[in-house]
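Down below is the structure, laid out as C-alpha coordinates.
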Amino acid sequence: MCRTGRCLWTKGQDRLARAVLGDVQPGVPHFQPAVPSLRGFGWSGRTRRGYDMEGLAEDMLGLLDALGLERVGLVGHDWGAHPGFRLCLRAPERFTGYLALNMSHPWPRHRAVLPNL
(Lines of atoms letter the chains of each structure in order from A and count residues from 1; the text may use other names and numbers.)
(Lines give C-alpha, C1' and ligand atoms only; values in the text may rest on other atoms or scores of the structure.)
Protein backbone atom coordinates (compact mmCIF):
# COMPACT_ATOMS: atom_id res chain seq x y z
CA MET A 1 0.00 0.00 0.00
CA CYS A 2 2.78 2.46 0.88
CA ARG A 3 5.37 1.10 -1.53
CA THR A 4 6.42 4.59 -2.54
CA GLY A 5 6.88 5.47 1.12
CA ARG A 6 4.25 8.20 0.92
CA CYS A 7 1.38 7.69 3.33
CA LEU A 8 -1.28 9.84 4.93
CA TRP A 9 -2.21 8.73 8.45
CA THR A 10 -5.44 10.17 9.80
CA LYS A 11 -5.77 9.70 13.52
CA GLY A 12 -7.60 10.94 16.56
CA GLN A 13 -5.00 10.97 19.30
CA ASP A 14 -1.53 12.46 19.02
CA ARG A 15 0.14 9.48 20.66
CA LEU A 16 -0.16 7.68 17.31
CA ALA A 17 1.82 10.43 15.60
CA ARG A 18 4.60 10.07 18.14
CA ALA A 19 4.59 6.29 17.67
CA VAL A 20 4.72 6.53 13.87
CA LEU A 21 7.40 9.17 13.77
CA GLY A 22 9.38 7.80 16.70
CA ASP A 23 9.25 4.04 16.15
CA VAL A 24 8.48 3.26 12.52
CA GLN A 25 10.28 5.93 10.56
CA PRO A 26 13.85 5.25 11.79
CA GLY A 27 13.54 1.59 10.78
CA VAL A 28 12.26 2.41 7.29
CA PRO A 29 14.35 5.21 5.76
CA HIS A 30 12.22 5.64 2.61
CA PHE A 31 8.99 5.90 4.63
CA GLN A 32 7.57 9.44 4.49
CA PRO A 33 4.35 9.61 6.51
CA ALA A 34 2.19 12.70 6.76
CA VAL A 35 0.58 12.43 10.20
CA PRO A 36 -1.55 15.55 10.69
CA SER A 37 -3.86 16.21 13.60
CA LEU A 38 -7.53 16.31 12.71
CA ARG A 39 -9.20 19.66 13.18
CA GLY A 40 -9.61 20.25 16.90
CA PHE A 41 -7.17 17.51 17.95
CA GLY A 42 -3.54 17.85 19.01
CA TRP A 43 -1.85 21.05 17.88
CA SER A 44 -4.43 21.91 15.22
CA GLY A 45 -6.37 25.14 15.45
CA ARG A 46 -9.92 25.34 16.73
CA THR A 47 -12.67 26.65 14.48
CA ARG A 48 -16.42 27.10 14.86
CA ARG A 49 -17.22 24.74 11.96
CA GLY A 50 -15.76 21.88 9.96
CA TYR A 51 -15.90 19.05 12.49
CA ASP A 52 -18.30 16.92 10.45
CA MET A 53 -16.81 13.97 8.55
CA GLU A 54 -17.00 15.75 5.20
CA GLY A 55 -15.19 18.78 6.63
CA LEU A 56 -12.43 16.60 8.09
CA ALA A 57 -12.04 14.76 4.79
CA GLU A 58 -11.85 18.09 2.96
CA ASP A 59 -9.03 19.15 5.29
CA MET A 60 -7.03 16.03 4.38
CA LEU A 61 -7.51 16.53 0.63
CA GLY A 62 -6.37 20.12 1.05
CA LEU A 63 -3.28 18.90 2.88
CA LEU A 64 -2.43 16.47 0.08
CA ASP A 65 -2.79 19.31 -2.42
CA ALA A 66 -0.62 21.63 -0.32
CA LEU A 67 2.09 18.95 -0.05
CA GLY A 68 1.91 18.23 -3.79
CA LEU A 69 1.02 14.57 -3.22
CA GLU A 70 -1.13 13.18 -6.01
CA ARG A 71 -1.44 9.57 -4.82
CA VAL A 72 -0.63 8.08 -1.41
CA GLY A 73 -1.39 5.12 0.81
CA LEU A 74 -3.98 5.95 3.48
CA VAL A 75 -4.15 4.70 7.06
CA GLY A 76 -7.00 5.74 9.34
CA HIS A 77 -6.92 5.13 13.08
CA ASP A 78 -9.55 5.74 15.76
CA TRP A 79 -11.36 9.04 15.05
CA GLY A 80 -9.39 9.41 11.83
CA ALA A 81 -10.69 6.18 10.31
CA HIS A 82 -14.18 7.42 9.44
CA PRO A 83 -12.90 10.45 7.47
CA GLY A 84 -10.58 7.95 5.76
CA PHE A 85 -13.58 6.05 4.39
CA ARG A 86 -15.02 9.36 3.20
CA LEU A 87 -11.75 10.19 1.47
CA CYS A 88 -11.73 6.88 -0.40
CA LEU A 89 -15.30 7.41 -1.59
CA ARG A 90 -14.75 11.02 -2.53
CA ALA A 91 -11.38 10.77 -4.30
CA PRO A 92 -10.45 7.10 -4.87
CA GLU A 93 -7.89 8.06 -7.51
CA ARG A 94 -5.79 9.76 -4.81
CA PHE A 95 -5.14 6.57 -2.79
CA THR A 96 -3.22 3.38 -3.49
CA GLY A 97 -5.03 1.57 -0.66
CA TYR A 98 -6.72 2.07 2.68
CA LEU A 99 -6.19 0.45 6.08
CA ALA A 100 -8.76 1.29 8.80
CA LEU A 101 -7.69 0.55 12.38
CA ASN A 102 -9.58 0.53 15.67
CA MET A 103 -13.06 1.39 14.44
CA SER A 104 -16.32 -0.26 13.60
CA HIS A 105 -17.89 -0.18 10.15
CA PRO A 106 -18.82 3.43 9.40
CA TRP A 107 -22.33 2.62 8.17
CA PRO A 108 -23.61 -0.27 10.29
CA ARG A 109 -26.96 -1.90 9.79
CA HIS A 110 -28.69 -0.91 13.02
CA ARG A 111 -30.73 -4.09 13.21
CA ALA A 112 -27.51 -6.09 13.24
CA VAL A 113 -25.90 -3.91 15.94
CA LEU A 114 -28.79 -3.57 18.42
CA PRO A 115 -28.84 -7.20 19.67
CA ASN A 116 -25.17 -6.82 20.65
CA LEU A 117 -25.70 -3.79 22.89
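In the working numbering, the protein residues as written are 257 to 373.
All residues carry an ideal CB built from backbone N, CA and C; glycine is no exception.
Since we're looking at a predicted model, the values are computed, not measured.
{"query": "Which listed residue (Ser-360, Leu-343, Arg-304) has its alpha carbon closest to that of Arg-295", "result": "Arg-304"}
{"query": "Buried or exposed by the 16-neighbour rule on C-beta atoms within 10 Å, applied to Arg-262", "result": "buried"}
{"query": "Beta-carbon spacing of Trp-339, Leu-320 below 8 angstroms", "result": "Correcting the residue identity first, residue 339 is Pro in this sequence and not Trp. Not closer than 8 angstroms, so no."}
{"query": "Short Cβ contact (8 angstroms threshold) for Arg-342 with Glu-310", "result": "yes"}
{"query": "Whole-angstrom C-beta distance between Thr-266 and Gly-318, which should lie under 8 angstroms", "result": "Rounded, the Cβ-Cβ distance is 13 angstroms, inconsistent with contact."}
{"query": "Backbone secondary structure at Gly-296 - three-state DSSP", "result": "coil"}
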